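Structure first, commentary second.
In structure tokens, the structure reads:
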């Protein structure tokens, strides 16, 4: 969450729908460079530039909301959010905590695979299967 506790920016806060086909004639999105085929494929920013709403949504959500300007003229579209380093550290610690047991879990899966290969050999005696040590794959 931002230190200024600002709610996330929504497209409707910084752009208005395009209603006339004349507004999009010979225009394209400055991000994806696709031509606007219908008015629904574009929104007009407060600075007047047209942009694809999906591209705009991606743009304003990039880098934790640090892109707060028009991609063409750099007019500020909304106040920049400031994030506390402690928030990033908390998230990093959470991710690290959830992934720190992965090597152990992978070893357990390899062991299970070896046991399954042995069971398979018992069930189908004419077929032998060997688990390749280290990568857990089966070889005939």
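In the numbering used here, the protein residues as written are 1 to 140. Note that beta-carbon positions come from the ideal geometry of N, C-alpha and C, so glycine has one too. None of these values were measured; they are calculated from a predicted model.
Express the C-alpha separation of residue j and residue i in angstroms, rounding to a whole number.
{"i": "residue 57", "j": "residue 115", "result": "49 Å"}
{"i": "residue 45", "j": "residue 28", "result": "14 Å"}
{"i": "residue 112", "j": "residue 100", "result": "20 Å"}
{"i": "residue 55", "j": "residue 103", "result": "38 Å"}
{"i": "residue 124", "j": "residue 110", "result": "21 Å"}
{"i": "residue 117", "j": "residue 92", "result": "38 Å"}
{"i": "residue 105", "j": "residue 119", "result": "21 Å"}
{"i": "residue 43", "j": "residue 80", "result": "21 Å"}
{"i": "residue 96", "j": "residue 108", "result": "20 Å"}
{"i": "residue 37", "j": "residue 24", "result": "8 Å"}
Let me check understanding here. Comparing Cα to Cα, which of the options lies closest to residue i?
{"i": "residue 77", "options": "95, 47, 88", "result": "47"}
{"i": "residue 60", "options": "13, 89, 109", "result": "13"}
{"i": "residue 73", "options": "111, 92, 51", "result": "51"}
Locate the alpha helix (DSSP H) running through residue i, then write down its first and last residues.
{"i": "residue 110", "result": "102–123"}
Might you give, ordered along the chain, the residues of its own chain that have their beta carbon closer than 7 Å to the beta carbon of residue i, omitting 5 neighbours on each side?
{"i": "residue 69", "result": "75, 76, 77"}
{"i": "residue 41", "result": "52"}
Short of 6 Å in beta carbon distance, which residues of its chain neighbour residue i, apart from the five on each side in sequence? Order them along the chain.
{"i": "residue 35", "result": "28"}
{"i": "residue 149", "result": "No answer is possible for residue 149: the residues shown for the chain start at 1 and end at 140."}
Would you give the residue range spanned by the beta strand (DSSP E) that residue i belongs to?
{"i": "residue 56", "result": "Segment 53–61 is the alpha helix (DSSP H) holding residue 56; no beta strand (DSSP E) there."}
{"i": "residue 17", "result": "15–17"}
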